[in-house]
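Each residue of the sequence shown is one higher than the one before, starting from 24 at the first, in our numbering.
Don't be surprised by glycine CBs; every beta carbon is placed ideally from N, CA and C.
The structure presented is a predicted model; accordingly, all values stated were derived computationally and were not measured.
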Amino acid sequence: MKLRRKIIITYLLVALTPLTLVALLSFTNAHTVLLTIQRRAFENIANFKEIIIKNFYASFQNEMVAVQAYYNIKTNLPILSRLADNIIDSEYVKAKSMLDSQFNVWVNERSGILDLMLVSPDGRIVYSTGSGDQIADTARTLPDPGNHAFEQGRHGIFVSDLFVNARHSGTASFLVSAPIHDYDNNFIGLAVLEVSAQSLYDQIQDTAGLGETGEVLIARRVASDRLIDNQAPTYDEHGDYVLYLNPLRFDPQAAFNRTIRIGAPTAQPVQQAVQNNGNSETGKDYRGKQVFSVWRYLPERNWGMVVKIDTDELLSPLNVLARAILVFSLVAILSVILVAWMISRTISLPITALTDYAKKIGKYEMDISIDKQLLSAPDEVGILAKTLADSAADLRDLHNNLEQKVKDRTEKLEQSETALKAALVESDHINKLLVGRELKMMELKKEISKLSHEN
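Right under this line is the structure:
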C-alpha cells in the first residue's frame, strides 16, 4: 500500500472514530432527553385531565348537595309519590307546577344537565323536567344499567357509570343520585340528575400539545364484549375485556362499541391502564401503531386513562437531528479526506522523490542532483535529502578513488607480470644450459668408461 493511501486512511480513522462516537452519543442523549421531556409533558397532561375529570364530576355532586336541601323538593316529593297514580289530582298538579316553575329554569341554566328526576321510595320516577309526558315518566325506572343509581343513591350521593342514553339520541350520559329526607330526617325518595358526558368528552379530547396523532382516551374493564339489554357492559374488576368510553381520534364511533380482550397484542397501554399496571411505555395502540404513552388508573371512576402519541411523530425531531448529523458527517468526511490528501501530498511527494534518488544511488547512478527545495527544507525531509546528497558524494568519491587504485594496481600487476616473464625466460635459458652440461657430462663419463675398458 502506498504511503499516501496509508496517510489518508490513518487520518480518516483518527478523525472519524471520535466523530462517530460523538454523533452516536449526541443521538442517544437526544433520544433520552426527548423521551424524558415527552414523558413529563404527558404526565402533566394526564394530571391535568385527571383534575378536569374530578372537577367535572365534583361540580355535579355539589349541585346535588344543593338539590338535597331545596324546600320545594322536600315539600312536594311526598305529594308526587303519594299521588303518582292519580296525576290529575289538583294537589298533584299544584305540586308539579311548583317544581316546574323552579327546576325547568334551573336545568336550562346548567350546562350538561339533561334532566332532573325525582324518584319515589319504591323506585318509580314521579317527576322529570325532561318530558311533558308525566304518565310515561311515572311508568319507568331510572335508565342506568343495573339500576345502581337507585340502590346506591339511597345511602348517599352516587355517580353511575357512563352509559348510552336512549332517551337522548344515544348521548353518553351518567346519573348523579342522592337521598332526599324531609325535615324529620325521614327518607322520602331520591333526586337524580341525568347528565350528558359531552362536555367531559370535549375537554378530554382536546388535543392541545398532542400533535397530529396524539389523543387522550378513557376505558373501563368489563366482563363481556357484547351488549347487555342493548347497553354496553358495566364495570367488572375481574373482566377480561376493555371497553372504550369516549370517541377516539381515529375511530369516532369507538365509545361503547370498541372493545379489546386483555392480553391482545394491540392496545397495550389501555390494557395496562385498566389493570393499574405501571405508568408509561411504548407499545401498540388500538390501530396497531407503535405509540409512546402515559396512563393513569382513576379509582373513583374505575377508569383507565391513556395519553399517547405515535412514536413516528414523537421521534420526528430525532429524524431531523439524524439527517443533520449525517450531513455534518459527510461534510466532515469530505473535509478530512481533502485535508488528509493535502497533508499526504505534502509528506509523500518529498519522500517519494527521495526514494527515487535512493533507488538511483542503489543502481550506482552517481550523477544525481537532488532538488534544492528538498535540500533547503527545515525538517526531517531536508535532513534526509542532505544525508542522501552526502552519501551520493561519498559514494562518488569512493568510486573514483577505487577506480584509480584499480588502475594503479593493474599497472603494478602488469609490471610484475613482465618481470616474471623475463625471469621465466632467463630461468628457462639456465635450465637449458644445465641440461646441456649434464648431457655433456654423461657423454664424457661414457667415453671415459669406454677408454677404461679398452685398456
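In this structure, does DSSP put residue i in helix, strand or coil?
{"i": "THR289", "result": "coil"}
{"i": "TYR267", "result": "strand"}
{"i": "ILE348", "result": "helix"}
{"i": "PHE273", "result": "coil"}
{"i": "GLN157", "result": "Caution is warranted here: a pLDDT of 49 is assigned to GLN157, below 50, making its placement in the model unreliable, and the coordinate value is therefore given only provisionally. GLN157: helix per DSSP, three-state reduction."}
{"i": "ALA255", "result": "coil"}
{"i": "PHE315", "result": "strand"}
{"i": "TYR485", "result": "It is not possible to answer for residue 485, since the shown part of the chain is limited to 24 through 478."}
{"i": "SER475", "result": "helix"}
{"i": "GLY306", "result": "strand"}
{"i": "ILE32", "result": "helix"}
{"i": "SER183", "result": "coil"}
{"i": "GLN298", "result": "coil"}
{"i": "TYR93", "result": "coil"}
{"i": "ILE148", "result": "strand"}
{"i": "LEU141", "result": "strand"}
{"i": "ARG460", "result": "helix"}
{"i": "HIS178", "result": "coil"}
{"i": "GLY21", "result": "This structure gives no information on residue 21, because the portion of the chain shown stretches from 24 to 478."}
{"i": "ARG249", "result": "coil"}
{"i": "THR236", "result": "coil"}
{"i": "ILE360", "result": "helix"}
{"i": "THR164", "result": "coil"}
{"i": "PHE279", "result": "coil"}
{"i": "ASP123", "result": "helix"}
{"i": "ASN78", "result": "helix"}
{"i": "ASN109", "result": "coil"}
{"i": "LEU338", "result": "coil"}
Can you tell me whether residue i is buried or exposed? The criterion is at least 16 other CB atoms within 10 Å of its CB, across all chains shown.
{"i": "PRO41", "result": "exposed"}
{"i": "ALA118", "result": "buried"}
{"i": "GLN291", "result": "buried"}
{"i": "ASN454", "result": "exposed"}
{"i": "THR164", "result": "exposed"}
{"i": "ASN78", "result": "exposed"}
{"i": "ILE158", "result": "Residue confidence is low: ILE158 scores 46 on pLDDT, short of 50, so the model does not pin down where it sits. Its coordinate-derived value is still stated next. The residue is exposed, with fewer than 16 neighbouring Cβ atoms inside 10 Å."}
{"i": "PHE273", "result": "exposed"}
{"i": "LYS481", "result": "A question about residue 481 goes unanswered here, because the residues of the chain that appear run from 24 up to 478."}
{"i": "VAL265", "result": "buried"}
{"i": "ALA201", "result": "buried"}
{"i": "LEU443", "result": "exposed"}
{"i": "ARG28", "result": "exposed"}
{"i": "MET464", "result": "exposed"}
Of the residues the options, which one's Cα is nearest the Cα of residue i?
{"i": "ALA242", "options": "ARG177, ASN454, ILE227 and LEU457", "result": "ILE227"}
{"i": "LYS307", "options": "THR334, GLY301 and ARG284", "result": "THR334"}
{"i": "ILE283", "options": "GLY262, ASN300, SER358 and ASN299", "result": "GLY262"}
{"i": "MET140", "options": "SER134, PHE126 and MET464", "result": "PHE126"}
{"i": "VAL37", "options": "LYS312, ILE136 and VAL359", "result": "VAL359"}
{"i": "GLN221", "options": "PHE210, ASP205, ALA255 and LEU185", "result": "LEU185"}
{"i": "SER82", "options": "LYS473, VAL218, ASN188 and TYR206", "result": "VAL218"}
{"i": "VAL239", "options": "VAL128, ALA347 and GLY327", "result": "GLY327"}
{"i": "ALA214", "options": "HIS54, ARG177, TRP364 and TRP129", "result": "ARG177"}
{"i": "ARG105", "options": "ASN70, PHE279 and ASP145", "result": "ASP145"}
{"i": "VAL45", "options": "PHE351, GLU304, GLY459 and VAL56", "result": "PHE351"}
{"i": "GLU336", "options": "THR305, PRO256, GLY286 and GLY234", "result": "GLY234"}
{"i": "TYR80", "options": "ASN52, PRO166 and VAL182", "result": "VAL182"}
{"i": "VAL87", "options": "ILE348, ASP229 and ASP138", "result": "Sequence inspection shows Met at residue 87; the Val mentioned does not correspond to that position. Among ILE348, ASP229 and ASP138, the Cα nearest to that of MET87 belongs to ASP138."}
{"i": "TYR309", "options": "GLY301, ARG324 and VAL329", "result": "VAL329"}
{"i": "TRP129", "options": "ASN95, GLU66 and THR55", "result": "ASN95"}
Just grab the DSSP bridge partners of residue i for me.
{"i": "ILE136", "result": "VAL218"}
{"i": "ALA242", "result": "TYR267 and GLY327"}
{"i": "PHE71", "result": "Bridge partners of PHE71: none, in fact."}
{"i": "ASP333", "result": "VAL314"}
{"i": "ARG284", "result": "TYR264"}
{"i": "VAL429", "result": "None; VAL429 has no bridge partner."}
Taking 6 Å as the cut-off, does the CB of residue i come closer than this to any heavy atom belonging to the ligand NAP?
{"i": "LYS119", "result": "With respect to the ligand NAP, the structure shown offers nothing to examine, as it has no ligands at all."}
### Message
Please give me, in chain order, every unbroken run of the beta strand (DSSP E) with length at least 3 that falls completely inside the segment 189 to 232.
### Response
Listed in chain order, the beta strand (DSSP E) elements of length 3 or more contained wholly in the segment 189 to 232 are 194 to 204 and 210 to 219.
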